[in-house]
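There are 2 protein chains.
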Amino acid sequence: MSTTNRDFPISARAERATVQPIGELMAKGAEKDIISLAAGLVDEETLPARQIAALFADFIRERGPKVLQYGVNEGLHSLRRKVLDRLASSDGPSARDVPLSRVMLSTGSQQMLYILTEIMVDPGDIVITAAPTYFVYLGTLQLAGARIVGIPADEDGMSIDALESAIDGIVKAGDGPRLKLVYVTTYFDNPSGVSLSVERRRQLLRVVQSSGAVHPLVIEDAAYRELSFGDADTPSIWSFDDHGANVAHLGTFSKPFSPGLRTGFAVLPRAIAEKASILKCSHDFGSANLTQHLIDYCIERGLYDSNVEVLRKTYAAKCALMCQCLERDMRGLALWRAPGGGLYVWVDMPGFNTGPSGDLFANCASEGVIYVPGQFSYPDPAAGPKSKMRLCFGPATASDIERGIGRLARAARRTPPSGGAR
Amino acid sequence: MSTTNRDFPISARAERATVQPIGELMAKGAEKDIISLAAGLVDEETLPARQIAALFADFIRERGPKVLQYGVNEGLHSLRRKVLDRLASSDGPSARDVPLSRVMLSTGSQQMLYILTEIMVDPGDIVITAAPTYFVYLGTLQLAGARIVGIPADEDGMSIDALESAIDGIVKAGDGPRLKLVYVTTYFDNPSGVSLSVERRRQLLRVVQSSGAVHPLVIEDAAYRELSFGDADTPSIWSFDDHGANVAHLGTFSKPFSPGLRTGFAVLPRAIAEKASILKCSHDFGSANLTQHLIDYCIERGLYDSNVEVLRKTYAAKCALMCQCLERDMRGLALWRAPGGGLYVWVDMPGFNTGPSGDLFANCASEGVIYVPGQFSYPDPAAGPKSKMRLCFGPATASDIERGIGRLARAARRTPPSGGAR
Chain A
1 MSTTNRDFPI SARAERATVQ PIGELMAKGA EKDIISLAAG LVDEETLPAR QIAALFADFI
61 RERGPKVLQY GVNEGLHSLR RKVLDRLASS DGPSARDVPL SRVMLSTGSQ QMLYILTEIM
121 VDPGDIVITA APTYFVYLGT LQLAGARIVG IPADEDGMSI DALESAIDGI VKAGDGPRLK
181 LVYVTTYFDN PSGVSLSVER RRQLLRVVQS SGAVHPLVIE DAAYRELSFG DADTPSIWSF
241 DDHGANVAHL GTFSKPFSPG LRTGFAVLPR AIAEKASILK CSHDFGSANL TQHLIDYCIE
301 RGLYDSNVEV LRKTYAAKCA LMCQCLERDM RGLALWRAPG GGLYVWVDMP GFNTGPSGDL
361 FANCASEGVI YVPGQFSYPD PAAGPKSKMR LCFGPATASD IERGIGRLAR AARRTPPSGG
421 AR
Chain B
1 MSTTNRDFPI SARAERATVQ PIGELMAKGA EKDIISLAAG LVDEETLPAR QIAALFADFI
61 RERGPKVLQY GVNEGLHSLR RKVLDRLASS DGPSARDVPL SRVMLSTGSQ QMLYILTEIM
121 VDPGDIVITA APTYFVYLGT LQLAGARIVG IPADEDGMSI DALESAIDGI VKAGDGPRLK
181 LVYVTTYFDN PSGVSLSVER RRQLLRVVQS SGAVHPLVIE DAAYRELSFG DADTPSIWSF
241 DDHGANVAHL GTFSKPFSPG LRTGFAVLPR AIAEKASILK CSHDFGSANL TQHLIDYCIE
301 RGLYDSNVEV LRKTYAAKCA LMCQCLERDM RGLALWRAPG GGLYVWVDMP GFNTGPSGDL
361 FANCASEGVI YVPGQFSYPD PAAGPKSKMR LCFGPATASD IERGIGRLAR AARRTPPSGG
421 AR
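Just so you know, the protein sequences line up as chains A and B, in that order. Numbering (my numbering) for the first sequence: 1 to 422. Numbering (my numbering) for the second sequence: 1 to 422.
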């Protein structure tokens with residue numbers, strides 16, 4: 001008797017695992033003659049392949065074959081030490097006093113987002129995010145069965161008044177114990193490009209700490225922190241969490257160095273670090289040891305910091321070019337704000353429907369350009385605005401940016417007003 | 001109001017995440033003057049660090065900076081193609097016809113075990129394993145809230161009669177729909193060292209296919225397949241699964257090449273591959289791209305296969321030495337069977353209690369040697385034999401093996417019979 005045609009009796013989590021429409025869209029971006037302003041990749045020209053090749057023999061000679069052995073579940077000690085040292089220089093010297101047991105490396109910061117969600121969220125639990133927010137994380141929350149509450153944001157990031165009233169509402173409804181996470185991208189948000197203001201960072205922490213909810217964990221996603229176009233850095237939310245009791249601070253070596261090394265980091269409250277360590281062991285008992293050693297070595301040799309400087313200049317120039325092209329081709333059709341860092345310009349096209357089944361998206365595809373429809377970044381796409389799009393200047397060349405925005409403008413001029421949004 | 005002293009309201013999964021005693025034990029192995037015959041690492045001398053350093057410049061020149069960019073969620077196409085080509089030469093040419101969408105790379109095969117368990121198991125669901133079995137996976141099953149049913153094994157691996165009667169019992173109790181996974185290590189098992197006989201491979205598949213259970217997934221863990229000391233290979237269970245409908249075949253590049261590159265692979269039934277792809281994207285949207293490219297390149301340059309040959313000779317010699325030392329020092333105290341491959345000798349010491357709080361373990365630690373107590377490898381440690389231990393000859397030098405077994409024998413002679421087991 002063959003079981004070929006019987007379905008597997010899958011888990012409730014797997015039942016919630018549905019194909020994200022963004023996947024098809026990214027596949028389209030890989031087609032010939034399509035300029036993708038969608039994919040959130042980095043600029044391949046800036047990847048330090050030649051420099052890593054030049055130091056690799058020294059690296060192996062100095063570190064030895066242990067770089068090819070199993071590593072430590074929580075990540076290479078010396079690199080975790082460097083995470084704290086680097087946080088100390090941006091957020092204050094007390095970061096150096098954090099025990100290493102609260103620092104963990106992961107396969108990109110995405111894996112840490114997954115593990116933290118596993119630790120905190122049962123199906124039906126509540127997670128607060130900005131609206132819009134990082135769409136991959138919305139998929140993770142969907143898998144976990146979370147109820148997502150989106151908080152509107154403006155040019156200073158998530159609205160604290162709206163956050164406070166949302167938490168009040170949750171608590172009054174008797175759901176205080178079910179509010180588990182507040183997720184916020186503090187630097188050059190994906191997709192909106194905005195940073196949470198310093199005053200709001202303090203306020204957010206205060207609101208969460210003094211709420212009637214039991215003890216939600218604040219996840220601060222600082223993936224884009226180092227990709228600032230200016231010189232000023234802003235203290236993290238984590239730096240205001242005096243007892244290290246409320247905030248998980250997540251960063252990555254992907255965006256500011258090399259995504260292919262797939263290494264993110266987190267500084268966690270003690271109780272959360274203990275659970276994360278057990279889960280990480282069960283996930284994979286440690287991310288790739290070779291790439292952790294390589295990042296550690298590149299930091300020691302100065303290659304990491306010099307490369308960050310290159311990236312900041314490169315992305316600042318690309319961002320400026322994209323905004324110039326928008327100004328040249330899209331004035332009157334679109335609104336946008338030049339971000340102070342990161343990889344994205346968040347564009348509003350009032351009167352247009354930017355959705356994946358709308359005319360604009362189809363016309364863009366036929367002109368040969370794609371973008372990420374804004375609706376993917378909203379917890380409830382039906383309730384979000386229909387007129388937004390995310391443009392990424394990360395992997396695009398200058399010529400891609402110029403031609404891509406030109407194609408976008410041609411598509412927009414061919415597209416009848418939808419009357420849908422605004 | 002500070003929340004420092006309030007506990008986080010963690011998830012049910014995180015409540016099940018408890019520290020495994022094996023962790024402390026491994027930490028002990030890292031202490032000075034302790035010879036660890038416990039840790040399941042590989043021989044550092046065999047790690048091809050020098051050879052990789054020698055080809056790294058060519059690698060970067062030929063592949064370019066894309067090796068440092070984000071990779072593909074499911075893993076590098078050319079390496080997944082090689083997985084199928086290699087399976088074709090060991091399991092028959094039809095492996096080449098499997099669509100690449102059913103092949104996935106992961107952060108070691110452990111990550112694929114985790115994801116498959118997530119896909120199939122809800123709390124209270126039933127998973128069948130051998131008893132003894134791979135203890136890290138027992139921790140993963142505990143996190144998932146699985147009820148584990150252990151099936152006794154002999155020198156040909158898991159008993160098929162016992163498997164059949166266990167499944168019958170599950171179905172008769174009305175739990176057929178809750179039987180989700182049958183996990184089996186087919187080559188040179190961890191910890192027992194035995195391989196499942198070819199006849200039993202066919203029988204196992206037949207029993208699962210014809211059972212009254214709904215459609216349990218067979219996970220074939222072939223992590224040690226390439227570490228055979230002889231020339232004969234055995235067809236995998238997967239090779240008998242004509243419609244690719246029942247078996248997930250898992251392998252790894254860790255044990256036969258370099259664990260620090262942290263890359264495992266799986267060939268999955270179609271429906272499972274679709275779900276695994278969604279979950280993998282949410283876990284990390286792809287394991288380290290650099291290390292996948294590096295393995296792919298090392299296979300193309302012949303370094304992979306030549307290194308496997310070195311490993312097989314090295315481990316065969318170490319295994320022979322360990323068995324000689326056991327013969328010399330432990331005759332009359334212990335029973336064991338020389339394995340045909342892998343990294344472990346499974347030792348029985350009738351009349352002794354090998355548990356972590358027993359006298360033997362304490363005396364070993366004071367003599368300066370540690371092993372993995374057998375009880376960790378049983379789904380129900382209380383019901384398993386008390387007299388087993390796992391010895392690993394992977395990372396130990398010849399001198400470590402000689403001195404380690406000597407210390408073990410001294411400890412055994414100092415230990416009063418427990419009268420506990422047998």
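Every residue, glycine too, gets a C-beta built ideally from N, C-alpha and C.
{"Item": "Taking only the alpha-carbon atoms, compute the straight-line gap between P123(A) and I405(A) and give it to the nearest angstrom.", "Value": "42 Å"}
{"Item": "Kindly list, in the order they appear in chain A, the residues whose Cβ is closer than 8 Å to that of H283(B).", "Value": "T107, Q110, Q111, Y114 and H283"}
{"Item": "Indicate whether at least one CB of chain B lies closer than 7 Å to the CB of M26(A).", "Value": "no"}
{"Item": "For T140(A), which residues in chain B fall below 7 Å Cβ to Cβ?", "Value": "S282"}
{"Item": "Determine the direct distance from the alpha carbon of Y344(A) to that of V214(A), and round the result to whole angstroms.", "Value": "35 Å"}
{"Item": "Flag this pair as touching only if the stretch 115-122 of chain A and the stretch 91-102 of chain A have three or more C-beta atom pairs under 8 Å; answer yes or no.", "Value": "no"}
{"Item": "Counting Cβ pairs, one atom from each stretch, are 3 or more of them under 8 Å apart for the stretch 243-263 of chain B and the stretch 282-293 of chain A?", "Value": "yes"}
{"Item": "Just the chain A side, please: which residues come within less than 8 Å of K21(B) by C-beta, in chain order?", "Value": "The question names Lys, but residue 21(B) is Pro in the sequence shown. Near P21(B) there are no residues of chain A at all, since even the closest Cβ is about 12 Å away, more than 8 Å."}
{"Item": "Does the beta-carbon distance from R390(A) to P191(A) come in below 7 Å?", "Value": "yes"}
{"Item": "Determine, for Q51(A), whether the minimum Cβ-Cβ distance to residues of chain B falls below 7 Å.", "Value": "no"}
{"Item": "Does the distance between the C-beta of D233(B) and the nearest non-hydrogen atom of the ligand GTP fall short of 6 Å?", "Value": "The ligand GTP is not among the ligands present in this structure, which contains no ligands whatsoever."}
{"Item": "Does DSSP put Y315(A) in a helix, in a strand, or in coil?", "Value": "helix"}
{"Item": "Do the CB positions of V127(B) and L163(B) come within less than 7 Å of each other?", "Value": "no"}
{"Item": "Could you tell me if D284(A) is buried or exposed, where buried requires 16 or more neighbouring beta carbons within 10 angstroms of its beta carbon?", "Value": "buried"}
{"Item": "Roughly how far, in whole angstroms, is the beta-carbon of I272(A) from the beta-carbon of F8(B), given that I think they are within contact range, below 8 Å?", "Value": "6 Å"}
{"Item": "Please compile the residues from chain B whose C-beta is within a distance smaller than 7 Å of the C-beta of S377(A).", "Value": "Neighbours of S377(A) on chain B: none; closest Cβ ~16 Å, over 7 Å."}
{"Item": "What whole-angstrom Cβ distance do A49(B) and L68(A) have, given they're in contact under 8 Å?", "Value": "6 Å"}
{"Item": "Within the same chain, show all residues whose beta-carbon is closer than 8 Å to that of S11(A), passing over the 5 residues directly before and after it, in chain order.", "Value": "none"}
{"Item": "At the level of alpha carbons, what is the spacing between I370(B) and K66(A)?", "Value": "21 Å"}
{"Item": "For the beta strand (DSSP E) containing E220(B), list its first residue and its last residue.", "Value": "L217 to D221"}
{"Item": "When you compare the CB of Y183(B) with every CB in chain A, is at least one pair closer than 7 Å?", "Value": "no"}
{"Item": "Taking 7 Å as the cut-off, decide whether the C-beta atoms of K318(A) and F393(A) are in contact.", "Value": "yes"}
{"Item": "Does the separation of the CB atoms of L143(A) and R16(A) fall below 7 Å?", "Value": "yes"}
{"Item": "What's the call for A248(A), buried or exposed, on a 16-neighbour Cβ count within 10 Å?", "Value": "buried"}
{"Item": "Since I believe R200(A) is in contact with M158(A) (beta carbons under 8 Å), could you give me their beta-carbon distance rounded to a whole number of angstroms?", "Value": "7 Å"}
{"Item": "Once DSSP output is grouped into helix, strand and coil, what is the label at D380(A)?", "Value": "coil"}
{"Item": "Can you pull the chain B neighbours of S89(A), defined as C-beta to C-beta under 7 Å?", "Value": "Per Cβ cutoff of 7 Å: no residues; S89(A) is ~25 Å from chain B at best."}
{"Item": "Taking DSSP as the reference, what is the three-state secondary structure of A130(A)?", "Value": "strand"}
{"Item": "I'd like to know whether the C-beta atoms of L181(B) and I151(B) end up nearer to each other than 7 Å.", "Value": "no"}
{"Item": "Could you tell me whether any Cβ in chain E is nearer than 7 Å to the Cβ of R407(B)?", "Value": "The structure shown contains no chain E; its protein chains are A and B."}
{"Item": "Less than 6 Å between C-beta atoms, sequence neighbours within five positions excluded: which residues of the same chain meet that for D125(B)?", "Value": "A146, R178 and K180"}
{"Item": "Using a beta-carbon distance below 7 Å, is I237(A) in contact with chain B?", "Value": "no"}
{"Item": "Quick one: what's G150(A) bridged to in DSSP?", "Value": "T129(A)"}
{"Item": "I think A398(B) touches D329(B), with their Cβ atoms under 8 Å apart; what is that distance to the nearest whole Å?", "Value": "With a Cβ gap of about 15 Å, A398(B) and D329(B) do not count as contacting."}
{"Item": "Using the beta-carbon of each residue, which ones in chain B are nearer than 8 Å to E309(A)?", "Value": "Those within 8 Å of E309(A) in chain B number zero; the least Cβ separation is about 17 Å."}
{"Item": "Contact between the stretch 54-63 of chain B and the stretch 44-63 of chain A: three or more CB pairs below 8 Å?", "Value": "yes"}
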